[in-house]
Amino acid sequence: MNQLADFMLEVVECDADFEEDDFCVTWIGRRLYVERYLSHYRIELGHEDDVVELPRS
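Heads up: the sequence shown at position 33 corresponds to 88 in my numbering, and the numbers run straight through without jumps.
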């Protein structure tokens, strides 16, 4: 999870390609669906039942 959190902070927060509040991204060969909220990210890890939420900081 630390690698995913670093990716979200270093890539997604800094890249103009990810300005929308919902988008897809490929991370370490996995296709992720991301929803961005003020306090956190909701990330589907390949299936809508496999979800993690990461705080935004």
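Heads up, the beta-carbon is just placed ideally off N, CA and C, and yes, glycines get one too. Please read all numbers here as calculations on a predicted model, not as lab measurements.
CB of residue i within 8 angstroms of CB of residue j, strictly
i      : j      : result
Glu-99 : Tyr-88 : yes
Residues that residue i bridges to, as DSSP identifies them
i      : result
Tyr-92 : Paired residue(s): none; Tyr-92 is not in a bridge.
Glu-99 : Tyr-88 and Val-106
Asp-77 : Glu-90
Supposed contact pair residue j and residue i - C-beta distance, whole angstroms, cut 8 angstroms
i       : j       : result
Glu-103 : Arg-97  : That pair is no contact at about 10 angstroms.
Met-56  : Val-107 : 7 angstroms
beta-carbon residue i near the ligand MN non-hydrogen atom, thresh 7 angstroms
i      : result
Gly-84 : For the ligand MN, the structure offers nothing, since it holds no ligand at all.
Reduced DSSP category for residue i - H, G, I as helix; E, B as strand; rest coil
i      : result
Val-66 : coil
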